[in-house]
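Each residue of the sequence shown is one higher than the one before, counting from 32 in my numbering. Worksheet: the structure to be examined is printed underneath.
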Amino acid sequence: MMKTENIFKTVLIFCIFILAAFFLIHPICDPDTFFHLGVGKYIVENLTIPKQDIFSYTLSGAEYIDFHWLFQVMIYSIYKFFNFTGLIIFKTILVLTTIFLFFNISYKKERYLAAALTFFLPILILQERSDFRPEVVSLFFSSVYIYIINKKERLMWLIPFLQIFWVNLHGNLSPIGLAIIFFYALSNGKLYKILVAAVFSCIINPWGYKYFYFVLQIVFHIFSKTDILGRTIGEFQKPFGIQQMRSSLMFYYFFLFSTAIFVIFYIRKLSTSELLIYVSFVILSFQAVRNIVLFSFIVSPIVVKILNSLKFIKPLRYGLGALIIIFCGYFSYAITSNKVYYQYDIPKKFGFGISETFFQEKACKFILEKNIEGNIFHDMATGDSIILWLYSKKKVFIDACPDARIKVWKNLAFTYNNIFLNMEFFKEILNRYEINCIFLNYTLPLANMLYQKVAKFKDWKLVYCDNNSVIFLRDTKMGLTDGTYDSNDYLTHLFRAQFYSGLEDTDKALYEYKRAIILNPNSAIANNNLGIIYLQKDDYENALFHFNKALKYFKDSAQIYNNLGIIYINTREFEKARETLKVGIRKNPKIPQLHYNYGRLCQTKGFIEKATKEYQIALQLDPEYESPRRALEELYEKK
């Protein structure tokens, strides 16, 4: 019987680790990777670390404190010899080693279910931050510190030396190492000497004592009331303020709630050190979505310790263990078939290489080949590509790495955000910085919105487009170069369809949406948008088919109910229109189009007072919405 349970335990743990590996094996899809590769390339080729901003024309000469420099050198060296595949393999090995260390901190053979139950959820949360970022290194060092302190006290002398590497690989989060040592020192006095040595180790970096000033700046801006980072960079958004829900966040909420219950009920089983670590990392996870993976793994050994004190009878052990194995099998299938990514339109897929969504080398080469002069305005993701593929020929307007010069970067971020809100301000910026080229990744929401407006500028012309990029030039006679290429990636066709829709080329958009649906028949957004095109063409039969299909996969979408309501109004199926629009309003009463169309329905049926009220609500929700304004004016004229 013991042999059978040992086999079961081995299979269970293997399934958890193989699931983690599957989440980690995907193409490079984080633009920040290009930034770090670009800076690493500069350091390796010039054998010097930049002390002033040399990459941007907006912040040129500003003090540049790069506490990622060793990470950048490391990943560029791997990339140079093993390309992007080498980066993915190295990242996967590093993170699996990290998980192994965390897993073994509180693991007990006879209580294997406690560790399996606890770590299953952090593995699912891992998908939120599965790219090769500097924080992967911080997660690794956190696991090493906690493992040494709990399991290998004789190796504690290594920690100050490891702190030197941590500071230079990812200085931003290296204070976490000091915090971990301090918290455990409260329960183990031997660690105070290690803490003092580790503090002095932090000075061994290219900026010396400035490290501590840098850390204070980071802490201040993390807890700042002005959330410019969260409004500019997605990973700095607070996890409870994100509107677009995704599975990793749902798993985080569940993990947070369930572990909090265990900690509260079994608080006496925890040392002061463990309790402070748990509370501190809960607070840290509240500050930014980028911290939720760090939180979930660091507190997991503490939760395992609590669960180790509970007795699981054999049927329960087998039942819960089998359930985890089944879920691991399900998620492994969902990852390798890309269903987990397609469901939320995440630009990842199982495998190696680089994501088509962010691979902008081809567009960068176009700029070089055409010898395009002048400064470039771009979205933040594109700036990272410019640093890798165009430096030193071109400099950037802004990049996605605020930490190196956070004070001046924040001021620039305000300017950057205002550009998307005010086109007159944007034109002023174009003139102020003598910008001759606008280079955007149209797969990103803000850039997608901006290029549609730029396309209407009289003195700007679209000269290049491909599977993710558009390039506009000022006052040019250059013709359009179509750099699009065939692809089997669902998101490539979805984004390309949205691009053509923005240019009002409905025939090409129609074709691309059909291609996207062939690759992912369950796509709610592709079916809904295709339905909109058919609706514009008065093809109600096809529009109805695709709206209903979209609703099947996104039942809570009030916008789809609005689209269905329009069809029923136009086909004079008024009762269906009333029921459909009412459902949409119940699901989301803040969509002005729903109220406008319900007002249209009421007006058609002669309920003028009700129609007036709905038009007014639509205008309150969106004061610039012209349709209800005109409808109200017509009603007032008739009176």
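A virtual CB, placed ideally from N, CA and C, is assigned to each residue, including glycine. No experiment lies behind these values; they were computed from the predicted model shown.
Sequence-distant residues of its chain with Cβ nearer than 7 Å to residue i (five each side left out)
i: residue 633; result: 641, 642, 645
i: residue 256; result: In this prediction, residue 256 scores a pLDDT of 48, lower than 50, which makes its location untrustworthy; the coordinate-derived value is nonetheless stated afterwards. Excluding residues within five positions, none has a Cβ falling inside 7 Å.
For residue i, the three-state DSSP class (helix, strand or coil)
i: residue 489; result: coil
i: residue 234; result: coil
i: residue 133; result: helix
i: residue 348; result: helix
i: residue 622; result: coil
i: residue 341; result: coil
i: residue 472; result: strand
i: residue 502; result: strand
i: residue 538; result: helix
i: residue 3; result: With the chain covering 32 to 670 only, the question about residue 3 has no answer from this structure.
i: residue 205; result: coil
i: residue 272; result: coil
i: residue 615; result: helix
i: residue 604; result: coil
i: residue 277; result: coil
i: residue 654; result: coil
i: residue 661; result: helix
i: residue 483; result: helix
i: residue 284; result: helix
Residues that DSSP places opposite residue i in a beta bridge
i: residue 406; result: 466
i: residue 94; result: 83
i: residue 427; result: 87
i: residue 59; result: 385
i: residue 395; result: None, per the DSSP bridge assignment.
i: residue 496; result: 501, 513
Best match in the options for proximity to residue i [C-alpha to C-alpha]
i: residue 220; options: 249, 180, 155, 195; result: 180
i: residue 108; options: 78, 72, 119; result: 72
i: residue 198; options: 235, 565, 358; result: 235
i: residue 156; options: 42, 371, 105, 215; result: 371
i: residue 466; options: 503, 386, 449; result: 503
i: residue 290; options: 100, 332, 520; result: 332
i: residue 537; options: 564, 513, 545, 559; result: 564
i: residue 421; options: 393, 346, 459, 376; result: 393
i: residue 516; options: 486, 399, 588, 543; result: 543
i: residue 386; options: 116, 40, 105; result: 116
i: residue 403; options: 426, 389, 383, 411; result: 426
i: residue 415; options: 470, 373, 251, 460; result: 470
i: residue 472; options: 530, 54, 74, 651; result: 530
i: residue 622; options: 413, 571, 650, 605; result: 650
i: residue 93; options: 83, 87, 99; result: 83
i: residue 573; options: 581, 98, 562, 582; result: 562
i: residue 540; options: 528, 533, 551; result: 528
i: residue 134; options: 113, 68, 45; result: 45
i: residue 474; options: 548, 183, 389, 106; result: 389
i: residue 201; options: 225, 182, 168, 335; result: 168
Cβ distance (whole Å) where residue i is taken to contact residue j below 8 Å
i: residue 174; j: residue 132; result: 4 Å
i: residue 152; j: residue 348; result: So it is not a contact: roughly 18 Å between Cβ atoms.
i: residue 218; j: residue 304; result: 4 Å
i: residue 432; j: residue 66; result: 6 Å
i: residue 52; j: residue 127; result: 6 Å
i: residue 461; j: residue 408; result: 7 Å
i: residue 512; j: residue 485; result: Rounded, the Cβ-Cβ distance is 17 Å, inconsistent with contact.
i: residue 298; j: residue 306; result: 7 Å
Proximity test, Cβ basis, 8 Å: residue i and chain B
i: residue 473; result: Of the protein chains in this structure there is only one, and it is not chain B.
Sequence-distant residues of the same chain with beta carbon closer than 6 Å to residue i, five excluded per side
i: residue 194; result: 208, 229, 232
i: residue 575; result: 598
i: residue 186; result: 179
i: residue 70; result: 103
i: residue 607; result: 599
i: residue 592; result: 611, 614, 615
i: residue 34; result: none
i: residue 312; result: 326, 329, 330
i: residue 553; result: 584
i: residue 222; result: 212, 215, 216
i: residue 449; result: 456
i: residue 559; result: 581, 591
Sequence-distant residues of its chain with Cβ nearer than 8 Å to residue i (five each side left out)
i: residue 176; result: 190, 193, 208, 211, 212
i: residue 251; result: none
i: residue 430; result: 66, 86, 87, 411, 414, 415, 418
i: residue 196; result: 101, 172
i: residue 90; result: 84, 436, 439, 440, 443
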